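In what follows, a structure is listed as structure tokens, so that the remarks can point back to it.
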Amino acid sequence: MQYDPQTLAQIRRGRSRFVAMVITYGLGVFNDSFFRQAAILLAVAEGHKHMQGWIMSLFALPYLLFASPVGWLADRFSKKHVVIGAKALEVVAMGFGAAGLLTLNWYLVLVMVFIMAMQSCLFSPALNGSIPELYPDVYVTRANATLKVVVTIMILAGVAAAGAALGFKASGWRGLPIGRVIVSIGVVAIAAGGLAMSFGVVRRPAADPRARFPRQGPLSTARELIAIRADSLLFKVVLATVFIWFAGSMLIQFITVMAVEQFEWGEAVGGYLVAAELVGLAAGGLLASRLGEGRWYRVIGPCMMAMAVVLLVAEMLPFMPASARLASAYGLLGAVGVLGGVVMIPCEAFIQRRPPAGRKGTVIASSNFGVFFGILVSGPLANAANAVLDEPTRGMALMGAVTLVVGALLRRAFAKEKGS
């Protein structure tokens, strides 16, 4: 895409600050991915597969309780200061997490998950709301795609690193497995590095210094979600975003059990399968950045329906020859990731661009409220599905059937929209 000289100059001026934002964000998601994947793999290997559902649900809880206050913080104060505070909280969270992994104290692990979720809840509206302040509207989708690719790579690295680190079974310090020691030291060191990088994030004046504190918490967020309905297109995009995250959260919990228990591929392969989906997500993000500025939302429903077909095909994995099964699983999950990325990236960019400057943080936080309500629900639902269904692949197919219905409904809903 060609930009006029003024727009191009603004893009170039923001580049160094954007790099700092990307590194800060990237280190955080690597750390979160690294720790959570290690905790989930250890839990499943120890016979506590229900723990992954609790970890997912607990991670979502702060987004439901504190969505309004953190949205207010992002609008009321400089977003840079909020980002720095969030990264400091990450260091505290990883301290609890390291102690929990070293001792296999699952209560400490859950404390870490909650604090880390609180950190992410603070961090997301502030950092994502900074992108439209840094770049012109025409470049926000491309900046988001770049950020998503880097973040996806870091998530992949975290997932892969967790499996690789836990592969070291020899005893090390005080007889502890070397793998757990590596993870524990690593998460604290990376959190400290992310805190240092956060000081390079762009600083702008507060978007709305007179914003009133939302004293009613989740009720304020619920009212904000209702208010979003006044913008029909924005509301539908938020709904699509909420569902795609819910579906992804359900799928990850099926993948882990499928790899470790159903097909006995092991913990490391479980991580690599999640990584395959994330590679697809990054590729889908790059494709999404090339969508036109017109009625881009017309692809959402068809992409979801195509994703549903791929998930339904997953039901056939147990009937395939063992030699072809793993490669097929990689291919199917990669395809799901591509289709999910084509939906997710433009939706998230639209949610950043659409609200007025003084309400961006509030709207993003409200969208996060919906997203993490879906993730919260996915924990017990996935646990129930894994307990009731004989095979996780059946759970994936069931998720495909639900996605097919939702995709068809959204396709019909977006067909009525005429704006952009």
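First residue of the sequence shown? That's 17 in the working numbering, and the numbers climb one at a time after it.
Glycine residues also receive a C-beta, built at the ideal position from the N, C-alpha and C atoms.
Keep in mind the model is a prediction, meaning the values are calculated, not measured.
- Sequence-distant Cβ neighbours of V204 in its own chain, meaning closer than 8 Å and more than five residues away, are V107, M110, G111, A114.
- For S383, the three-state secondary structure derived from DSSP is helix.
- Close CB contacts of I194 within its chain, under the 8 Å cut and outside five residues either way in sequence, are with F184, K185, A186, S187, G188 (chain order).
- The distance from the Cβ of V254 to that of I244 is about 6 Å, consistent with a contact at the 8 Å cut-off.
- Counted as a single uninterrupted DSSP element, the stretch harbouring L333 is not any alpha helix (DSSP H), since DSSP gives it neither H nor E.
- Contact check for E283 and G179: beta-carbon distance about 6 Å, within the 8 Å limit, so the pair qualifies.
- Contact annotation, V352 with V326: C-beta distance approximately 5 Å; criterion of less than 8 Å satisfied.
- Of the candidates A208, V358, S265, V276, the residue whose Cα lies closest to the Cα of R306 is V358.
- With contact defined as three or more Cβ pairs closer than 8 Å, the segment 48 to 62 and the segment 139 to 153 are not in contact.
- Here M72 is near I391, since their CB atoms are less than 7 Å apart.
- Counting C-beta pairs with one atom in each stretch, the segment 83 to 94 and the segment 372 to 385 have three or more that are closer than 8 Å, which means they touch.
- The C-alpha of E149 lies about 19 Å from the C-alpha of P21.
- A straight-line Cα-Cα distance of about 20 Å links G63 and L289.
- Under the three-state reduction of DSSP, P152 is assigned to coil, being neither helix nor strand.
- For Q68, same chain residues with a beta-carbon under 7 Å away, outside a window of 5 residues either side, are I56, A59, V60, Q269, T272 in chain order.
- By the neighbour-count definition (other C-beta atoms within 10 Å, threshold 16), Y313 is a buried residue.
- Positions of the alpha helix (DSSP H) runs, each at least 4 residues long and wholly inside the segment 57 to 91, are given as 66 to 81 in order along the chain.
- Comparing alpha-carbon positions, the option among G216, S394, L118 lying closest to L267 turns out to be S394.
- A residue is called buried when at least 16 other Cβ atoms come within 10 angstroms of its Cβ; E280 does not meet this threshold and is exposed.
- Residue environment for L24: exposed (fewer than 16 other C-beta atoms within 10 angstroms of its C-beta).
- In the three-state scheme derived from DSSP, where H, G and I count as helix and E and B as strand, S394 is classed as helix.
- According to DSSP, S187 shares a beta bridge with P193.
- Secondary structure at Q22: helix, using DSSP grouped into helix, strand and coil.
- Boundaries of the alpha helix (DSSP H) around E106: 95 to 119.
- Excluding five sequence positions before and after I361, the CB atoms of its chain that fall closer than 8 Å to its own CB belong to T157, N160, A161, K164, G300, G301, A304, S305, given in chain order.
- For E283, the enclosing alpha helix (DSSP H) has its first and last residue at 283 to 304.
- The beta carbon of M412 is closer than 7 Å to those of L267, F270, L327, A330 in its chain, skipping five residues each way along the sequence.
- In this structure, P152 is the residue among A104, A256, N402, P152 with its C-alpha nearest to the C-alpha of R28.
- If you compare the alpha carbons of A343, F93, L342, L297 with that of M323, the shortest gap goes to L297.
- Taking C-beta separations shorter than 8 Å and ignoring five residues to either side along the sequence, the partners of L118 in its chain run L192, R196, V197, S200, following chain order.
- Looking from the CA of A104, the closest CA among Y346, G87, P78, Q135 belongs to Q135.
- Rounded to the nearest angstrom, the Cβ distance from I39 to M213 is 5 Å, consistent with a contact under 8 Å.
- Judged by DSSP in its simplified three-state form, K252 adopts helix.
- A291 is positioned such that its CB atom lies closer than 7 Å to that of V175.
- Setting aside the 5 residues that flank it on each side, K376 is surrounded in the same chain by G145, each with a C-beta closer than 6 Å to its C-beta; the list follows chain order.
- Here M37 is buried, its C-beta having at least 16 other C-beta atoms within 10 Å.
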